[in-house]
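A.B. asks: Pasting in a structure now, in structure tokens, and then I'll have a few things to ask.
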Ligand SMILES: Cc1cc2nc3c(=O)[nH]c(=O)nc-3n(C[C@H](O)[C@H](O)[C@H](O)COP(=O)(O)O)c2cc1C
Ligand code: SF4
Ligand code: SF4
């Protein structure tokens, strides 16, 4: 039986969970959006792993649903499961995902969430350090193991629908839209190494005259800030970098 996991992970938390599931090949959502990978026709189990963004589904996963999943024949997909990582307020993200999937004729069979550290600089100005991060991971280890077991035995767990979901989904869609982030700045320390261009999920950074330069398609994921080896990207008031649970190279999408 072919299983595929599609993951969107800016800072590595969701990738860590996807790797724990060990259910077939893992592919980044960016590979699907760029056309470098397509879910094979005979795929029967599909996992979708992503972080909660602005109380809802992150922009790359929204695009994956409407541009990739909606356009393929999904009749072979017998079990679709999803796991969201979040930092404090998971909202009704699984109910939202179920609504989105139902809208394109797919059924979500299982949804769960895992709380992991925050790397969102407007709320988490002092980056979560290694010890704190490991403590947070230890706290949810048994939850992750339970989710992995439930997915392995194809448990059905349909998330509850929350009130005001249409309004909330609309607000969340607006909040997750790409735009220029004028508060992120590339400093003198930039060596033009290009690592930020490879971790950016939006392909929004180019190297110009030996320095990184961001464009107008930022989703404020802060992967570039946290993964710059020179700590050369600044954000007002932000200190330190969140290194999470995976190596920077594992986050390279291209
Ligand atoms: C733009 C953005 C919006 C976020 N919004 C929320 C949110 O609404 N609720 C929440 O609990 N966490 C929120 N977070 C935190 C992430 O969901 C959390 O840190 C997640 O584990 C990150 O996963 P990743 O490392 O795979 O990207 C947000 C993070 C970012 C970057
Ligand atoms: S990762 Fe840092 S040093 Fe490398 S190009 Fe980007 S901003 Fe410059
Ligand atoms: S420019 Fe930086 S913060 Fe914006 S989407 Fe790319 S990696 Fe994320």
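Residue numbers (my numbering): 13 to 266. Every residue gets a Cβ at the ideal spot worked out from N, C-alpha and C, and that includes glycine. Quick caveat: nothing in here was measured; it's all calculated off a predicted structure.
Please confirm whether residue 91 and residue 166 have their CB atoms less than 8 Å apart.
C.D. replies: Translated into the one-based positions of the chain shown, residue 91 becomes position 79. Translated into the one-based positions of the chain shown, residue 166 becomes position 154. Yes, the Cβ-Cβ distance between residue 91 and residue 166 is below 8 Å.
A.B. asks: For residue 64 and residue 186, I'd like the C-alpha separation in whole angstroms.
C.D. replies: Mapped onto the chain shown, residue 64 falls at position 52. Mapped onto the chain shown, residue 186 falls at position 174. Approximately 14 Å, taken between the alpha carbons.
A.B. asks: Determine the DSSP secondary structure at residue 178, reduced to helix, strand or coil.
C.D. replies: Locating residue 178 in the chain shown gives position 166, counting from the first residue. Residue 178 falls in the helix class under three-state DSSP.
A.B. asks: According to DSSP, is residue 51 helix, strand or coil?
C.D. replies: The residue you call residue 51 lines up with position 39 of the chain shown. In the structure shown, residue 51 sits in coil (DSSP, three-state: anything other than H, G, I, E or B).
A.B. asks: Residue ranges of each beta strand (DSSP E) run of no fewer than 3 residues wholly in the stretch 49 to 111, ordered along the chain?
C.D. replies: Entirely contained in the stretch 49 to 111, the beta strand (DSSP E) runs reaching 3 residues are, in chain order, 55 to 63, 91 to 98.
A.B. asks: Could you check what DSSP says for residue 258 in three-state terms: helix, strand or coil?
C.D. replies: For the purposes of this step, residue 258 is identified with residue 246 of the chain shown, where counting begins at 1. Residue 258 falls in the coil class under three-state DSSP.
A.B. asks: Tell me where the alpha helix (DSSP H) around residue 28 begins and ends.
C.D. replies: Along the chain shown, read from residue 1 onward, the residue named residue 28 stands at position 16. 25 to 33 is the span of the alpha helix (DSSP H), which, as asked, contains residue 28.
A.B. asks: Taking residue 224 as part of the alpha helix (DSSP H), name the residues at either end of that continuous run.
C.D. replies: Indexing the chain shown from 1 puts residue 224 at position 212. Where residue 224 is concerned, there is no enclosing alpha helix (DSSP H), although the beta strand (DSSP E) it sits in stretches over 223 to 226.
A.B. asks: Just to confirm my understanding: we take residue 258, look at its own chain, exclude 5 residues before and 5 after, and list those with CB closer than 7 Å. What are they?
C.D. replies: Mapped onto the chain shown, residue 258 falls at position 246. Same-chain partners within the cutoff: 24, 27, 28.
A.B. asks: Just curious, the beta strand (DSSP E) that residue 38 is in, first and last residue?
C.D. replies: Within the chain shown, residue 38 is the residue found at index 26, counting from 1. Element bounds for residue 38: 37 to 40.
A.B. asks: Contact check, residue 32 vs residue 17 under 8 Å by CB: the rounded distance?
C.D. replies: The residue you call residue 32 lines up with position 20 of the chain shown. The residue you call residue 17 lines up with position 5 of the chain shown. With a Cβ gap of about 11 Å, residue 32 and residue 17 do not count as contacting.
A.B. asks: Taking the alpha-carbon of residue 107 as reference, which of 172, 45, 193 has the nearest alpha-carbon?
C.D. replies: Position 95 of the chain shown, counting from 1, holds the residue named residue 107. Ranking 172, 45, 193 by Cα distance to residue 107 puts 172 first.
A.B. asks: Residue 217 lies in the beta strand (DSSP E); which residues open and close that run?
C.D. replies: Reading the chain shown from its first residue, position 205 is the one you call residue 217. Note, residue 217: beta strand (DSSP E), 217 to 220.
A.B. asks: Given that a residue counts as buried once 16 or more other Cβ atoms are within 10 Å of its Cβ, and exposed if not, what is residue 47?
C.D. replies: As a first step, residue 47 is located in the chain shown; it is residue number 35 there, counting from the start. Residue 47 is exposed by the Cβ-count criterion.
A.B. asks: Taking C-alpha atoms, which residue in 260, 133, 264, 36 lies nearest to residue 193?
C.D. replies: The sequence position of residue 193 within the chain shown is 181, counting from 1. Nearest of 260, 133, 264, 36 to residue 193, Cα basis: 133.
A.B. asks: Does the beta-carbon of residue 123, which I'm using as the reference point, lie nearer than 7 Å to any heavy atom of ligand 1?
C.D. replies: As a first step, residue 123 must be located in the chain shown, where it is residue number 111. Outside the cutoff, so no.
A.B. asks: On the DSSP bridge assignment, give the partners of residue 124 in chain order.
C.D. replies: Position 112 of the chain shown holds residue 124. According to DSSP, which records beta bridges pairwise, residue 124 is partnered with 95.
A.B. asks: Sorry if obvious, but does the Cβ on residue 224 come closer than 7 Å to a heavy atom of ligand 4?
C.D. replies: Ligands present in the displayed structure are limited to ligand 1, ligand 2 and ligand 3, and ligand 4 is not among them.
A.B. asks: Take residue 156 and list the residues in its own chain whose beta-carbon comes closer than 8 Å to its own, dropping the five residues that flank it on each side.
C.D. replies: Taking the chain shown and counting its residues from 1, one reaches residue 156 at position 144. Within the same chain, residue 156 has close Cβ partners 29, 32, 126.
A.B. asks: Just how far apart, CA to CA, sit residue 175 and residue 201?
C.D. replies: Here residue 175 refers to the residue found at position 163 when the chain shown is read from its first residue. Here residue 201 refers to the residue found at position 189 when the chain shown is read from its first residue. Residue 175 and residue 201: Cα-Cα distance of roughly 48 Å.
A.B. asks: For residue 211, report the span of its alpha helix (DSSP H) as first-last.
C.D. replies: Translated into positions along the chain shown, residue 211 becomes position 199. Looking at the DSSP string, the run of the alpha helix (DSSP H) that includes residue 211 is 207 to 211.
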